[in-house]
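Trainee:
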Amino acid sequence: TALKALHTPQGTADLDATRAERRRLAYDEFLATQLALSLARARMRRTKGRVLASKGHLRAKALAALSFALTKSQQEALSEIDADMAAPHRMLRLLQGDVGAGKTLVALCAMLTAIEAGAQATLMAPTEVLARQHAATLAPLADAAGVSLALLTGRERGREREAILARLKSGELGILVGTHALITQTVVFNDLGLVVVDEQHRFGVHQRLALSGKGNVPADILVMTATPIPRTLALTAYGDMDMSRLTEKPAGRRPVTTRAIPLTRLDEIIEAIERAVRRGERVFWVCPLVEENEDLDLTAAEQRYDELKTIFDERVRLIHGRMKSAEKDEAIAEFRAGGANILVATTVIEVGVDVPDATVIVIEHAERFGLAQLHQLRGR
């Protein structure tokens, strides 16, 4: 009846979006979607996992090496993760929190639980820059806990790679951080218990499952994202997952001021940046393209870099996806160390470039970016 009424309208009143017939079919679609997700979730729940519980000795050692305490929401997220890991079914949990909310630290605590329970853990990141940064951040804390950690990306080759893989297979290596390289067949774990996937939206479900399938039994999965996801959307897009949220920032974080300014006021923006540079601050300048494109009237990264170089001379660096890894590393290292005050970039810096001294980010043609990208960039 509803279908007939909608397909053979008799007048304009029949086209009203609030008509009972239209609502009846819309309800049908929602119900079908939610039922499908509930079935998928129930099937995931039945997936046998393993019990990974610990007394928390390794975690206590790592946290003792920190100069600050965990926030309340970090503690809450950890107790939810601990409960999942201690249960006999496989964990599949999404950890959502803004950039800087401390997701990586929560992930490390979960990985230390897996290791104390006799298993291994791995963290997969979407870019080499982010993987290297995670390894650098986690290494001292893993060291404090007496746990071995290694990094594996496409750059580790030859004997170095073979040595890492041998330690992994023998079980000597506790935590392996890496990129997509972790999914390759040559990567064999002795006993993988927990998989952490950072920036979940950059990976497909199959990649996630391929990694968790490297365990003797399906490994627990914790996926992390900094993209804010409304609860209703999360239920639809991540209906097979449980969800934890980090709602607080660590103490001492300054609030972020966001302003939209027309490009006609570019002179004022450059003046403001000159003031920031004089104060010794660091500035990101993000452009949507690498080279100028005649079809798109957008300022390209290379063109903007040349223009800023005439004003700021040697204090400007450029980074984009077409550069070699070593060149990118060099540009970021100089920017981080203070050898350069301005880093002109494309969205290659979207995830993982962590420069605490950076106080300003200019995003040109913000309308060219998605909301998730803008949120990630702002988090830099």
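Residue numbering for the sequence shown follows our numbering, beginning at 167 and increasing consecutively.
For each residue, glycine too, the CB sits at the ideal point set by N, CA and C.
Quick check on the DSSP output: what are the complete beta strand (DSSP E) runs of length 3 or more inside the stretch 425-501, in order along the chain?
Mentor: 448-452 and 482-485
Trainee: For the stretch 269-345, list the beta strand (DSSP E) runs that are entirely contained and at least 3 residues long, ordered along the chain.
Mentor: 286-290, 315-318 and 341-344
Trainee: Does the separation of the CB atoms of L172 and E187 fall below 9 angstroms?
Mentor: Yes; because the gap between Cβ atoms is below 9 angstroms, this pair is in contact.
Trainee: So what's R259 in DSSP terms, helix, strand or just coil?
Mentor: strand
Trainee: Pick from T391, A231, H255 and K490: whose alpha carbon is nearest that of T290?
Mentor: It should be pointed out that residue 290 corresponds to Met in this sequence rather than to Thr. The shortest C-alpha separation from M290 is found at T391.
Trainee: Flag this pair as touching only if the stretch 334-349 and the stretch 312-323 have three or more C-beta atom pairs under 8 angstroms; answer yes or no.
Mentor: Touching, per the Cβ criterion.
Trainee: Can you tell me whether A308 is buried or exposed? The criterion is at least 16 other CB atoms within 10 Å of its CB, across all chains shown.
Mentor: buried
Trainee: Starting from I349, trace the beta strand (DSSP E) in both directions and tell me its first and last residue.
Mentor: That residue, I349, is in no beta strand (DSSP E); it is neither H nor E in DSSP.
Trainee: Taking all protein chains shown into account, do 16 or more other C-beta atoms lie within 10 angstroms of the C-beta of A241, making it buried, or fewer, making it exposed?
Mentor: Going by the sequence as given, residue 241 is Gln instead of Ala. Exposed, because fewer than 16 other Cβ atoms sit within 10 Å of the Cβ of Q241.
Trainee: Is it the case that the stretch 330-337 contacts the stretch 262-273, given that we only count it when at least three CB pairs across the two stretches are under 8 angstroms?
Mentor: no
Trainee: Using 8 angstroms as the cut-off, can you tell me whether the stretch 480-489 makes contact with the stretch 498-507, which would need three or more C-beta pairs spanning the two stretches below that distance?
Mentor: yes
Trainee: Would you please state the rounded distance, in angstroms, between the beta carbons of K170 and E414? I believe it to be under 8 angstroms.
Mentor: In fact, because the Cβ distance is near 54 angstroms, the residues do not count as touching under 8 angstroms.
Trainee: Between which residues of its own chain and T213 is the CB-CB distance below 7 angstroms, once the five residues before and five after are set aside?
Mentor: Here the set comprises H255, R256 and P384.
Trainee: Which one of R209, G381, A442 and A192 has the shortest CA to CA distance from A280?
Mentor: G381
Trainee: What residue range does the beta strand (DSSP E) around D386 cover?
Mentor: Element bounds for D386: D386 to T391.
Trainee: Flag this pair as yes or no: are the beta carbons of L412 and D264 separated by less than 9 angstroms?
Mentor: yes
Trainee: Got a sec? Which residues, its chain only, sit under 6 angstroms from V361 by beta carbon, not counting five neighbours each side?
Mentor: T288, L377, S378, A385 and I387
Trainee: With S239 as the anchor, note down where its alpha helix (DSSP H) starts and where it stops.
Mentor: K238 to A252
Trainee: Which value, in whole angstroms, describes the spacing of the CA atoms of D408 and T199?
Mentor: The straight-line gap from Cα to Cα measures roughly 17 angstroms.
Trainee: Under 9 angstroms, do T393 and A538 count as touching if we go by C-beta distance?
Mentor: Cβ distance < 9 angstroms, so T393 and A538 count as in contact.
Trainee: Applying the 10 Å Cβ sphere with the 16-neighbour rule, what's the burial state of V363?
Mentor: With 16 or more other Cβ atoms within 10 Å, it is buried.
Trainee: Indicate the three-state DSSP secondary structure (helix, strand or coil) for S410 in the structure shown.
Mentor: Reduced to three states, the DSSP call for S410 is strand.
Trainee: Looking only at its own chain, which residues have a Cβ that is under 7 angstroms from the Cβ of R448, when we skip the five neighbours before and after it?
Mentor: F501, N507, V521, D523, A524 and T525
Trainee: Helix, strand or coil, according to DSSP, for T525 in the structure here?
Mentor: Three-state result, T525: strand.
Trainee: Quick one: Cα of V510 to Cα of Y471, how far?
Mentor: Approximately 6 angstroms, taken between the alpha carbons.
Trainee: Around the Cβ of E533, are there at least 16 other Cβ atoms within 10 angstroms (buried) or fewer (exposed)?
Mentor: Burial call: exposed.
Trainee: Just to check my reading of the structure: L244 and Q286 have Cβ atoms closer than 8 angstroms, yes? What is that Cβ distance to the nearest angstrom?
Mentor: So it is not a contact: roughly 20 angstroms between Cβ atoms.
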